[in-house]
Structure formats: C-alpha cells, structure tokens
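K.L.:
Numbering (numbering that gives the first Met the number 0), first residue to last: 0 to 217. Okay, here's the structure, questions in a sec.
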Amino acid sequence: MTAALRILIGCETSGVMRRAFAARGHDVWSCDVMPAEDGSNRHIRGDLRLYLAEGWDLLCVMHPPCTRLCNSGVRWLTEPPKNPPEDAMATERAAWPVMGRDARLAVMWRLLGEGADLFAACWAAPVARVAVENPVMHKHARALMPADLPRPQIVQPWWFGEPYFKATGFYLRQLPPLRATNRLTAPRKATEPDRHKAWSAIHRASPGPDRARFRSRT
C-alpha cells in the first residue's frame with residue numbers, strides 16, 4: 000500500500016475531492032473562503048495562500064476562481080458587463096450603475112490581476128507535487144503567469160465516462176499526466192444535436208447565484 004500523504008485540496012467547498020483522497024487513506028484537508036457544503040471538520044475556511052507552507056506532500060488546487068482568467072471571460076476586458084461582477088468589492092457593485100466605461104474596465108482588469116496572483120501563488124507553493132486546474136486561459140492571463148508555468152494538459156470529462164463537454168487544463172508539477180479511463184464517443188452537433196445539447200449542460204447553465212459554482216465543478 001502506498002504511504003499516506005498529507006494533501007491540501009484548495010478552493011473546494013463540495014468535499015468531492017477531499018472525500019475521494021480520504022477514501023484511499025490519505026490525510027486530506029480542503030480549504031476555501033466559504034464553508035464546506037458537507038459540514039466536514041476537515042475543511043479550513045480562509046485564504047488558501049495562508050496555509051500553503053504547512054508541510055503538504057501534495058497540493059491540488061482544483062477550482063481556483065477562473066472567471067477572469069479563462070477564455071469565456073476575456074470579452075469583459077474590452078467591454079465591461081452591464082451588471083456588476085460578483086467578485087467586485089461591495090462598494091464597486093453598489094456604484095456600478097453610475098460608473099463610466101473606463102472605471103468599469105479598471106475594475107475588470109484589477110480582478111484579472113487578483114485572479115492571476117492567486118493562481119501564481121498556488122503554483123509557487125513550497126509543495127513538491129502540485130496540480131492546478133483551470134479552463135483554457137486567454138492571452139492576457141497567460142501574460143501574467145509565472146515564467147516556469149508549463150503548458151496545461153487539456154482533458155474532457157468524457158475521457159472518464161462522464162457525458163459532458165468542458166475543456167479543462169491541468170498544470171502539473173512532478174505528477175504524471177491524466178490518462179483516459181473510460182473514453183466515450185462525443186456526439187457531433189451536426190448529426191446528434193439533442194445529445195450534443197445534453198452534453199453541453201455546463202456551458203448552457205442558466206444565469207443565477209449558483210451558476211459559477213456549478214460550472215466550476217469538474
């Protein structure tokens with residue numbers, strides 16, 4: 000049996016990854032600014048960056064806030080959204096209706112910088128083995144990344160028997176690439192539109208307070 004590892008699962012509230020590693024006998028904790036959805040006492044509530052240097056064998060940052068880094072969010076850097084972003088400060092959200100375009104853009108670029116700082120801190124963590132998950136980044140986010148950040152391994156849920164589309168990047172240090180364990184045949188939009196629509200449920204999630212959390216789960 001492989002020796003138990005001390006593992007920190009960053010930016011997770013669901014407990015899914017924590018429980019999966021715990022089931023294999025590891026000493027595993029999750030960490031997020033929000034409470035654990037399952038009420039576990041093996042969840043650290045706080046800024047992940049404060050706990051990176053506590054002697055972990057493996058750091059898995061599975062769901063870092065990606066809204067500002069991924070391709071789907073790049074459009075807001077040239078034309079800000081009409082509604083205030085949820086990750087803006089409360090004062091900014093309150094003032095959003097009367098803000099000018101330039102002021103709104105300044106907020107969006109600041110949020111990009113904050114997201115990049117968190118990602119970079121996780122990659123630079125003093126942990127031997129690191130896996131950071133993020134969707135495909137846009138060029139502005141890539142420009143803010145550490146120089147030693149490798150190209151990600153891009154995987155899809157349907158490589159592992161889950162009938163969904165969601166291109167996800169894993170940035171790995173001293174860990175082997177993921178291998179497909181149950182590769183499904185993905186439906187084509189032109190020939191199987193109904194199945195293709197069902198597989199696109201993550202991208203088609205309805206607007207609402209839980210949309211970002213739902214879309215972040217991989």
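We put the beta carbon where it would ideally sit given N, CA and C, even for glycine.
Is the CB-CB distance between residue 4 and residue 121 below 8 Å?
P.N.:
The residue you call residue 4 lines up with position 5 of the sequence shown. The residue you call residue 121 lines up with position 122 of the sequence shown. Against a cut-off of 8 Å, the Cβ pair of residue 121 and residue 4 comes out as no contact.
K.L.:
Counting Cβ pairs, one atom from each stretch, are 3 or more of them under 8 Å apart for the segment 129–137 and the segment 64–80?
P.N.:
Cβ pair count under 8 Å is three or more, so yes.
K.L.:
Excluding the 5 residues flanking residue 30 on each side, which residues of the same chain have their C-beta closer than 8 Å to its C-beta?
P.N.:
Mapped onto the sequence shown, residue 30 falls at position 31. 7, 8, 9, 10, 11, 42, 43, 44, 45, 47, 50, listed in sequence order.
K.L.:
State the start and end residues of the unbroken beta strand (DSSP E) segment that holds residue 172.
P.N.:
Locating residue 172 in the sequence shown gives position 173, where the first residue counts as 1. Start and end: 167–172.
K.L.:
Residue 266 lies in the beta strand (DSSP E); which residues open and close that run?
P.N.:
Within the shown structure, residues of the chain are numbered from 0 to 217, placing residue 266 beyond reach of any answer.
K.L.:
For residue 33, I'd like the list of residues in its chain whose CB is within less than 8 Å of its CB, leaving aside the five on either flank, ordered along the chain.
P.N.:
Against the sequence shown, residue 33 aligns to sequence position 34. Same-chain partners within the cutoff: 12, 44.
K.L.:
With a Cβ-Cβ cutoff of 8 Å, do residue 149 and residue 169 count as a contact?
P.N.:
Here the question's residue 149 lines up with position 150 in the sequence shown. Here the question's residue 169 lines up with position 170 in the sequence shown. Contact: no.
K.L.:
Sort 71, 77, 104, 78 by Cα distance to residue 87 and report the nearest one.
P.N.:
Numbered from 1 along the sequence shown, position 88 holds the residue referred to as residue 87. Ranking 71, 77, 104, 78 by Cα distance to residue 87 puts 104 first.
K.L.:
So who's on the other strand from residue 201, going by DSSP bridges?
P.N.:
As a working mapping, residue 201 is identified with position 202 in the sequence shown. Beta-bridge pairing links residue 201 to no other residue.
K.L.:
Per DSSP, what kind of secondary structure is residue 106 in: helix, strand or coil?
P.N.:
Taking the first residue of the sequence shown as position 1, residue 106 is located at position 107. The answer is helix: DSSP assigns residue 106 an H, G or I state.
K.L.:
For the structure I just gave you, are there three or more beta carbon pairs, one from the segment 87–97 and one from the segment 158–166, closer than 8 Å?
P.N.:
Touching, no, given that fewer than three Cβ pairs across the two stretches are closer than 8 Å.
K.L.:
Using 10 angstroms around the beta-carbon of residue 167, count the other beta-carbons present and answer buried if the total reaches 16, otherwise exposed.
P.N.:
As a first step, residue 167 must be located in the sequence shown, where it is residue number 168. With 16 or more other Cβ atoms within 10 Å, it is buried.
K.L.:
Please report the Cβ distance between residue 84 and residue 100, rounded to the nearest whole angstrom; I am assuming they are in contact, meaning their Cβ atoms lie under 8 Å.
P.N.:
Translated into positions along the sequence shown, residue 84 becomes position 85. Translated into positions along the sequence shown, residue 100 becomes position 101. Wrong, their Cβ atoms sit about 15 Å apart, outside the cutoff.
K.L.:
With residue 91 as the anchor, note down where its alpha helix (DSSP H) starts and where it stops.
P.N.:
Locating residue 91 in the sequence shown gives position 92, where the first residue counts as 1. That run of the alpha helix (DSSP H) goes 89–94.
K.L.:
Pull up the DSSP beta-bridge partners for residue 128, would you.
P.N.:
Here residue 128 refers to the residue found at position 129 of the sequence shown. Bridge partners of residue 128: 57.
K.L.:
For the alpha helix (DSSP H) containing residue 139, list its first residue and its last residue.
P.N.:
As a working mapping, residue 139 is identified with position 140 in the sequence shown. Start and end: 138–142.
K.L.:
In its own chain, which residues sit with a C-beta less than 8 Å from the C-beta of residue 26, not counting the 5 before and 5 after it?
P.N.:
As a position in the sequence shown, residue 26 is number 27, starting the count at 1. Closer than 8 Å at the Cβ level, and outside the excluded window around residue 26, lie 3, 4, 5, 6.
K.L.:
With H, G and I counted as helix, E and B as strand and the rest as coil, what does DSSP make of residue 25?
P.N.:
Numbered from its first residue, the sequence shown carries residue 25 at position 26. Residue 25: coil per DSSP, three-state reduction.
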